[in-house]
Structure formats: structure tokens, C-alpha cells
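In this note's numbering, the protein residues as written are 20 to 320. Think of the CB as a built atom: it goes at the ideal place given N, C-alpha and C, for glycine as much as any other residue. Everything below concerns the one structure shown next.
Below is the structure:
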């Protein structure tokens, strides 16, 4: 069963130290497009209908995450989420109100018990032009957040936002809100950093060509190519110029209410393997370090 309140993951907002450098990388190499600018903020879209996938804010020397944005199924869902979040031990960072940003709509921002900021919007602008570009990201596939207390983090997403657990591995819980296998995943670790942001590509070939394009630009593959177990998606992982881990992915498994919840015993590989294909080396030490380095801005809303 899908979340009664959340339709999809829409975007992620980051603070980065150099917006000019970020624009060059994310448009010329990562292949997003500028859709709007405000003083100190850059909005980047994919080829799909979402207004933007990344909101990049001018920040300090260290990359940080401001919030993850989810799209609500209805205006009434915002009221339900606001109430449920308080019942689940969270707080309201920004109450329900019209949003003064290019995507518009009505939204609220929650803070979970460990300081993660989750924005939920309804009625935001969407694009009618969805050009077919074979090597550009369409939308976000998922965001993975580290969790120093995974049971508590999982409980908040389930109780406050209506997500459901669909798979559990030794190191990660995969949470579903619609037909994508997962839109949010939580890493079982000792910190609450941003683990990575995954961008959906049109096909496996696009994931591979994207890997070549990134390599040509001096950003080597840090993990991949491979195919995950939970979600069955193909992947290549990279680190952007500011230390943010980003992923090209494709072939995300589509599921329904009859999907059987998986356990760690369902997702084991032979010794030396880290994915279904078994051809990739393990994640690089540099990737593992980057997956622990980008934290939520304490005061951002």
C-alpha cells in the first residue's frame, strides 16, 4: 500500500560554497538545466515534470543539506502530516503556508527528532514540456539519509509521513511511498549525514554513458557499474566537486501492495560481491568518507 499522504520525492536543497562552479558542473557535466534563479539560490530541473530537482543555496566552506522535499497527495494531507509529525515526536520548523519560491505551492517543513528537515509541498508548479533527452536525468529516484538511530528514524517516516518498509538489509532500510521500490532509504550507521542523492536516467545505457561523461570530466566512478538487490536498479556513484555523493540510476523496480517485505537474509551475496552483477569493486574509501560528511543545516527551514 502506498503512503496515504506522500506522492513522491521531488527535490533536495543543498548549501554549497560556490554557485558558479556548481552551475557549471550540474549543467555541463551532470546534465540538469537552470529553471530559476534568486539571489543566492539556483534551481535545477531534469527532463521530467518536476519544477526542480536541486535547489542550490550559497553557503559556507562546507557543503550542507537544507532539506528534502516530498510532494503531498492533497492539501488535506498537509494537515494530517502536521498533526502526525507532532504525535511522532517531531516538530514544525515552518507551519503550513504558501511557499515564496519559484515552484510555489503550499507547504510545511518538519524537523524529525534527530534534526533532519523534511519539506512537504502540495500544488507546486510542474512543467508540461518534458523533452526526451537520452543522457539527462529525468527526476530524483531516491534520497538516502544516514541514521544513528535507524528504528527511530524509520518510525518517524512511517508514522509522520505514511511511508512503509519494503526491504531491510544489514545496513539499510528501504521506504516506499508509491510505485517506485523506494523513494527514501535510511543507512544504519553512527551519524545523520546525507548518504547520497540518486537521479533517475532514461535507461541503463544512459547510466553507462553518464559514467563515461563524468570520467572524461575528471570525476571517476566511485562505485559501479552495478545492479542493486533491493530496488533492482542499475547504478554508478560519484562525488560532486563539493563532496556530495550523487548517483545515476535506472531500471528502478516498480512494486505494489503485494510486494513481500525483504529481510537481510534475502539480500546476501557470495564473498567479494557487493551487488547482483559482481563485476564492480566495493565502494571506494573516498566515497565512504563522503557519505558521512554532509549534514543538515541546523537552522535551515
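Is the beta carbon of residue j closer than 9 Å to that of residue i?
i: residue 154; j: residue 221; result: yes
i: residue 282; j: residue 183; result: no
i: residue 64; j: residue 76; result: no
i: residue 161; j: residue 217; result: yes
i: residue 165; j: residue 205; result: yes
i: residue 294; j: residue 245; result: yes
i: residue 138; j: residue 194; result: no
i: residue 271; j: residue 306; result: no
i: residue 66; j: residue 156; result: yes
i: residue 213; j: residue 152; result: no
i: residue 257; j: residue 231; result: no
i: residue 82; j: residue 34; result: yes
Measuring only the C-alpha atoms, how far is residue i from residue j?
i: residue 49; j: residue 233; result: 8 Å
i: residue 229; j: residue 36; result: 25 Å
i: residue 297; j: residue 291; result: 8 Å
i: residue 98; j: residue 32; result: 23 Å
i: residue 59; j: residue 185; result: 38 Å
i: residue 61; j: residue 215; result: 20 Å
i: residue 74; j: residue 141; result: 17 Å
i: residue 323; j: residue 235; result: With the chain covering 20 to 320 only, the question about residue 323 has no answer from this structure.
i: residue 127; j: residue 176; result: 15 Å
i: residue 110; j: residue 224; result: 43 Å
i: residue 237; j: residue 42; result: 16 Å
i: residue 133; j: residue 211; result: 8 Å
i: residue 68; j: residue 150; result: 10 Å
i: residue 299; j: residue 56; result: 39 Å
i: residue 255; j: residue 29; result: 21 Å
i: residue 241; j: residue 181; result: 33 Å
Go to residue i, then tell me how far its beta strand (DSSP E) extends in each direction, as first and last residue.
i: residue 266; result: 264 to 269
i: residue 82; result: Careful: residue 82 lies outside any beta strand (DSSP E) and carries neither H nor E.
i: residue 76; result: 73 to 77
i: residue 7; result: The structure shown does not extend to residue 7, since the chain is modelled only from 20 to 320, so the question has no answer here.
Going by DSSP, what residue range makes up the alpha helix (DSSP H) through residue i?
i: residue 362; result: Limits of the chain in this structure are 20 at one end and 320 at the other, which puts residue 362 out of reach.
i: residue 103; result: 94 to 106
Is it buried or exposed for residue i, if we count other Cβ within 10 angstroms and need 16 for buried?
i: residue 102; result: exposed
i: residue 280; result: exposed
i: residue 105; result: exposed
i: residue 143; result: buried
i: residue 276; result: exposed
i: residue 289; result: exposed
i: residue 190; result: exposed
i: residue 39; result: exposed
i: residue 188; result: buried
i: residue 53; result: exposed
i: residue 158; result: buried
i: residue 250; result: buried
i: residue 308; result: exposed
i: residue 94; result: exposed
i: residue 287; result: exposed
Any chance you could list the beta strand (DSSP E) runs of at least 3 consecutive residues sitting entirely within the stretch 227 to 304, in chain order? 242 to 246, 253 to 258 and 264 to 269
Report the start-end ranges of each alpha helix (DSSP H) in the stretch 128 to 186 that is 4 residues or longer and not cut off at the edges. 169 to 180
Restricting to runs no shorter than 3 residues, where is the beta strand (DSSP E) found entirely within the stretch 41 to 65? 52 to 57 and 60 to 64
Continuous beta strand (DSSP E) assignments of at least 3 residues falling wholly in the stretch 190 to 224: 191 to 195, 203 to 207 and 213 to 219
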